[in-house]
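Asker: Please find one structure pasted underneath; my questions will follow.
Numbering (our numbering), first residue to last: 35 to 107.
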């Protein structure tokens, strides 16, 4: 779950940096701060363990309602 927020933050910082770079009268201190935040957030995201997709999927018991493999009498 934390990786979702880190990914969203990285996307936001990249967007703000792109907007700042296209602005000829940009605030250099603010631009440098955005770059710093991007680097820090990217480093955090790289340190987070990612759960395998199988851990997030619901087991068959939850979706089928029964684990009985044989014929039902």
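Built from N, CA and C at the ideal position, the CB exists for glycine as well. All of these numbers come straight from a predicted model, not from anything done at the bench.
Note down the Cα distance separating residue 78 from residue 49, rounded to an integer number of angstroms.
Answerer: 18 angstroms
Asker: Under DSSP, the alpha helix (DSSP H) around residue 48 begins and ends at which residues?
Answerer: 36–56
Asker: When the Cα of residue 70 is compared with those of 44, 39, 38 and 58, which residue comes out closest?
Answerer: 44
Asker: Using the rule of at least 16 other Cβ atoms within 10 Å of the residue's Cβ for burial, across every protein chain shown, is residue 96 buried or exposed?
Answerer: In this prediction, residue 96 scores a pLDDT of 48, lower than 50, which makes its location untrustworthy; the coordinate-derived value is nonetheless stated afterwards. Exposed is the call here.
Asker: Kindly indicate which three-state DSSP category residue 61 falls into: helix, strand or coil?
Answerer: coil
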